[in-house]
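These notes are about the structure you will find just below.
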């Protein structure tokens with residue numbers, strides 16, 4: 001008999017939070033609003049109830065969370081200009097794991113080389129610096 005532990009609601013929330021980080025903090029630095037809108041249409045990093053059933057155990061949900069966090073960390077290191085060659089392999093391995101769990105992430109590390117100048121390109125996807133409460 002094998003006992004599996006189901007993923008927790010908190011893990012599902014964390015996955016959704018990390019995907020939101022890609023759309024609000026990472027993608028706007030490297031892609032135009034039109035490209036990001038296309039990512040939504042293509043369902044890049046899109047999750048459904050079926051996905052949460054697909055990575056429904058604690059281990060699988062943890063793998064997805066770890067992959068998303070690792071990719072975010074690699075992109076952060078790259079942004080600081082300290083990227084070493086072995087990060088390419090780690091990036092690719094994590095994107096393959098995401099695809100194994102049904103999360104589309106069709107990017108290569110080279111696509112995150114050049115940032116878009118935020119002075120000339122304001123994005124509707126970035127979080128507002130402040131909010132007006134009425």
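Numbering (the UniProt record's numbering), first residue to last: 1 to 134. Cβ atoms here follow ideal geometry from the backbone N, Cα and C, with glycine treated the same way. This one's a predicted model, so the numbers in the text were calculated from it and none came from an experiment.
Taking the straight line between their C-alpha atoms, what separation do you get for residue 120 and residue 33? Position 120 of the chain shown, counted from the first residue, corresponds to residue 120. Position 33 of the chain shown, counted from the first residue, corresponds to residue 33. Low confidence applies to residue 120: its pLDDT is 47, below 50, so where it sits in the model is not reliable, and the reading given next is rough at best. Distance between the alpha carbons of residue 120 and residue 33 is about 12 Å.
CB of residue 72 within 8 Å of CB of residue 44, strictly: Numbered from its first residue, the chain shown carries residue 72 at position 72. Numbered from its first residue, the chain shown carries residue 44 at position 44. No, these two residues do not count as a Cβ contact at 8 Å.
Count Cβ pairs between the segment 9-25 and the segment 83-98 that sit closer than 8 Å; are there 3 or more? no
With H, G and I counted as helix, E and B as strand and the rest as coil, what does DSSP make of residue 83? Sequence index remark: in the chain shown, residue 83 carries index 83 (1-based). It is coil, neither helix nor strand.
beta-carbon residue 61 near the ligand SAM non-hydrogen atom, thresh 7 Å: Of ligands this structure carries none, so the ligand SAM is not represented either.
Supposed close pair residue 115, residue 11 - CB separation, criterion 8 Å: Start at 1 with the first residue of the chain shown, and residue 115 comes out as number 115. Start at 1 with the first residue of the chain shown, and residue 11 comes out as number 11. That belief does not hold up - the Cβ atoms of residue 115 and residue 11 are roughly 31 Å apart, past 8 Å.
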